[in-house]
Amino acid sequence: MKKRVLSCLLVLTLLLSLWVPVWAAPSAVSESEAMQAVNALGIMVGDKNGNFNLTRTVTRAEFVTMAVKATASGSNVGQAAYSPYPDVPRTHWAAGYIAAGIRANLVTGYLDGTFRPGNQITLAEGVTIALKLLGYTSADFAGAYPTGQMAKYYDLKLDRGVTVSSPGADLTRRDAMFLFYNLLSAPMKDSAQPYITSLGHTLNSAGQVDLVSLVNGSMEGPIVADGSWQSSLPFSARQASIVRNGAEAKLSDVQKQDLIYWNESMKTIWAYSDRITGRLQSVAPSVSQPTSLTLAGHTYTIETSGAAYALSDMGTFKEGDTVTLLLGRTGGVAAVVSPGASEVTRCGIITAVSKDGYSDGSGGTYTDDTITFWATDGQTYTYQWRSNYFKVGDLVRAEAGEDGELKLTRLSPMRLTGKVSADATKLGDREFAPDVEILDTYEGKAVKIYPDRLASMNLTDGMVYYYTLDGQGRIDRMVLKEATGDAYQYGILTDINDQSDGMTILVNYTMFLDGQYVRYVSQNKKFPVERTGPFYLKGTATEPKDFCLLKKVPAGAKVVDNTAITYGNETYLIAENVIVYEHLDGRYIQSTLARVQEEGYKLTFWYDKSPAEGGRVRMVLAE
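Just so we're aligned, residue 848 is where the sequence shown starts under this note's numbering, counting upward by one.
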């Protein structure tokens, strides 16, 4: 028993010695990552042109300003009410921050009573201030200054990325940037929590600064882009970086009714154009306190107080009204406007026509025609429509008419042919817009794809079914027909039982689709398939049009980063939705590529068409 206890204690000791707290030093980060982090927090910003001037040395006034901005109250510092030092008059640009630094015991002046704001700050001085932010005082360090402070500096890994090592060396802005970045993940003296928690943020599971969360938390807005929206920003939009719908853009790309978010310290503007027009079907849980709504068959969360007010019993819009929703960066409703004020347009292909019930806005209901279509943004939309004019497969455009009512228009095909460039920026001589929307369709099914999916593909006649151009002549929407094969259904043809005689046709086809066996009996047609195996289905399982067998990659192919298969000089890209089956005891069990590789199965890879034609590995069988 004693040996057992001792063994457990040894194991526990070993585990404790290997334990790493959540604030443990993360791996080194790039200059860009560190810059984004301190910029998002407002600790360190660029000049009026956005330049960080990282090679320039830092003055004492500048460093103290950064340190104060690195505190929870740093954004509330105003103009100094007095002169904190004789050489720092109250009119000095940094007087307010120097005064705040003194009150927080972050900094002191020299014995002669001066502060010397223009002097270069040394590494030792910068380290001392950083340690004070963590809760350390001079009483925590023995020996001559700055020996103890520098030892703690290295112990806490505050030196990562800092180029100077001598305590008396001047800090550059790059050195200061890394010092403050490292401070964010360093543990505070009293609580052992990472410093970033004092600013209302957390580290990720790897103990690193989460840039996405950080930028999200420091982002302001939204406002609706109108004629005067730029005047609502605390900085000049002309000097800002612009990101529209996730892609780098120019200020001129921002359109009326875009939703605008911004970060002042980063001098960055994010614009989003996602919107939808339709009849307001319902508001929940009540019109007095709305938190969500249903429109065009979708339920949306209301994410701003302005949108909630507009949809409440005190607002402008009621159930049954035709409205345009401006959707924020997380997909919630950020604003509601009249359709006449919006230039919203969606186009796609109709996948269903039905009759559905609607509220009349007075407690009653009525039945009306409804269409559902796949739009080029990859979403399905349901619209009420008082006409049987439309049918499944029609191209359609939904937009707000001049009277504010929803207008649906059937579109005629617009053909386009050409080769997509290797960098996926052009189709023939036509450029793709940065936010181009592409939909590939087949038999009432559709899938959203991106330009790089078409890289180097030759789009022949009939593949491009419809397209539109933006104001600069770039392709901004495109509907394809069977261009990639991504909209097909893939499975395994497991049995072909031909019972035909000379007079009649009777063939039983057994398929394994979506995890289950399906049988189709053909009494009027023999499909030209001579063997079983992986295939893709044209049509549906109940009404197939054709069975197309997949091709097998030769034996000896190798997997590269789980994204491609190589054999000789040929590379076969793996489809994002590749199907992986384990074939055990005559049964097919859905699996993952990582698992079957780990288990050491014999793998066979099946593809639909050549890589030059945009083919992909569609199925992996593990046996």
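Yeah, the Cβ is synthetic: ideal placement off N, Cα and C, and Gly gets one too. Values in this document were obtained by computation on a predicted structure and should not be read as measured data.
Cut-off 8 Å between Cβ atoms - residues of its own chain near residue i, not counting five sequence neighbours on either side
i: threonine 1010; result: Thr1019, Arg1021 and Asp1022
i: tyrosine 1419; result: Val1400, Ala1404, Ala1411, Ile1412, Thr1413, Phe1452, Tyr1454, Pro1458, Gly1462, Arg1463 and Val1464
i: serine 1045; result: Thr918, Ala919 and Met1035
i: aspartate 1160; result: Val1134 and Ser1135
i: threonine 1272; result: Glu1278, Phe1279 and Pro1298
i: leucine 953; result: Val911, Ala914, Val915, Ile976, Lys979 and Leu980
i: glycine 956; result: Tyr932, Phe962 and Arg963
i: glutamate 1460; result: Met1304 and Asn1305
i: lysine 1373; result: Asp1345, Ser1347, Ile1352 and Val1354
Beta-carbon gap between residue i and residue j smaller than 9 Å
i: proline 1034; j: leucine 1005; result: no
i: valine 1464; j: valine 1443; result: no
i: methionine 1113; j: methionine 1024; result: no
i: threonine 1115; j: threonine 1171; result: no
i: phenylalanine 962; j: proline 993; result: no
i: alanine 977; j: leucine 1030; result: yes
i: arginine 1176; j: tryptophan 1109; result: no
i: glycine 1047; j: tyrosine 1028; result: no
i: tryptophan 1221; j: leucine 1263; result: no
i: arginine 903; j: glycine 965; result: no
i: glycine 1195; j: valine 1283; result: no
i: serine 1065; j: leucine 888; result: yes
i: glutamine 926; j: alanine 951; result: no
i: alanine 1143; j: alanine 1182; result: no
i: lysine 1328; j: tyrosine 1312; result: yes
i: threonine 1219; j: threonine 1229; result: yes
i: valine 1056; j: alanine 1269; result: no
i: threonine 1379; j: glutamine 1336; result: no
i: glutamine 1370; j: threonine 1351; result: yes
i: tyrosine 1367; j: threonine 1341; result: no
i: lysine 1202; j: threonine 1223; result: no
i: threonine 1192; j: glutamate 1246; result: yes
i: threonine 1151; j: valine 1180; result: yes
Range covered by the alpha helix (DSSP H) that runs through residue i
i: glutamine 883; result: 878–887
i: glutamate 1284; result: Per DSSP, glutamate 1284 belongs to no alpha helix (DSSP H); it is in the beta strand (DSSP E), 1277–1289.
i: glutamine 1336; result: That residue, glutamine 1336, is in no alpha helix (DSSP H); its beta strand (DSSP E) goes 1336–1345.
i: asparagine 1063; result: 1058–1065
i: alanine 1154; result: 1152–1158
i: arginine 950; result: 942–950
Limits of the beta strand (DSSP E) - the one that residue i falls within
i: tyrosine 957; result: Premise fails: tyrosine 957 is in no beta strand (DSSP E) and is neither H nor E.
i: leucine 1450; result: 1450–1454
i: alanine 1131; result: 1122–1131
i: arginine 1085; result: Counting along the chain, arginine 1085 falls outside any beta strand (DSSP E), and DSSP gives it neither H nor E.
i: tyrosine 1230; result: 1227–1231
i: leucine 1353; result: Segment: none, leucine 1353 is in no beta strand (DSSP E) and carries neither H nor E.
i: leucine 1174; result: 1169–1174
i: aspartate 1472; result: It is not possible to answer for residue 1472, since the shown part of the chain is limited to 848 through 1470.
i: histidine 1145; result: 1145–1148
Contacts around residue i, its chain only, beta-carbon distance under 6 Å, and the 5 residues preceding and following it disregarded
i: alanine 1469; result: Glu1429, Val1443, Tyr1448 and Leu1450
i: alanine 1155; result: Pro1137 and Ile1149
i: glycine 1338; result: Met1358, Phe1359 and Leu1360
i: alanine 1402; result: none
Cβ neighbours of residue i in the same chain (closer than 7 Å, five flanking residues each side left out)
i: cysteine 1395; result: Phe1382, Tyr1383 and Lys1385
i: isoleucine 1107; result: Gly1068, Pro1069, Ile1070, Ala1072, Trp1076, Ile1116 and Ala1118
i: arginine 1300; result: Thr1331
i: tryptophan 1239; result: It should be noted that the sequence gives valine, not tryptophan, for residue 1239. The answer, listed in chain order, is Ile1197, Thr1198, Ala1199, Val1200 and Gly1291.
i: glycine 995; result: Phe988 and Ala989
i: aspartate 1037; result: Gly982
i: proline 1014; result: Thr969, Leu970, Ala971, Pro993 and Met997
i: isoleucine 1436; result: Tyr1428 and Glu1429
i: leucine 1026; result: Gly973, Ala977, Leu1005 and Val1009
i: glycine 1309; result: Lys1328
i: methionine 882; result: Phe899 and Met1024
Whole-number beta carbon distance between residue j and residue i, since they are thought to touch under 8 Å
i: aspartate 1168; j: leucine 1140; result: Wrong, their Cβ atoms sit about 11 Å apart, outside the cutoff.
i: arginine 794; j: leucine 1242; result: Coverage of the chain is limited to positions 848 through 1470, which leaves residue 794 absent and any answer about it impossible.
i: lysine 1280; j: arginine 1244; result: Reading the sequence as shown, one finds alanine at residue 1280 and not lysine. About 17 Å separates the two Cβ atoms, so there is no contact after all.
i: arginine 1085; j: valine 1101; result: No, arginine 1085 and valine 1101 are not in contact; Cβ-Cβ is about 12 Å, not under 8 Å.
i: leucine 1440; j: valine 1467; result: 6 Å
i: tyrosine 1267; j: leucine 1306; result: Checking the displayed sequence, the identity of residue 1267 turns out to be valine instead of tyrosine. Their Cβ separation, rounded to whole angstroms, is 7 Å, which keeps valine 1267 and leucine 1306 in contact under 8 Å.
i: proline 933; j: glycine 893; result: Going by Cβ atoms, the distance from proline 933 to glycine 893 rounds to 31 Å, so no, they are not a contact pair.
i: aspartate 1105; j: serine 1120; result: 5 Å
Residue-level contact to chain D via CB, residue i, 9 Å cutoff
i: methionine 1325; result: Absent here is chain D; the protein component of the structure consists of one chain.
- Query: Which whole runs of the alpha helix (DSSP H) in the segment 963–1044 are 4 residues long or more, in chain order?
  - Reply: 970–980, 994–1002 and 1020–1032
Threshold first: 4 residues or longer. Then list the alpha helix (DSSP H) segments lying entirely within the segment 899–938, N to C.
907–916
With a floor of 3 residues, list each beta strand (DSSP E) that falls wholly inside the segment 1393–1463, ordered by position along the chain.
1405–1407, 1411–1414, 1417–1431, 1434–1437 and 1450–1454
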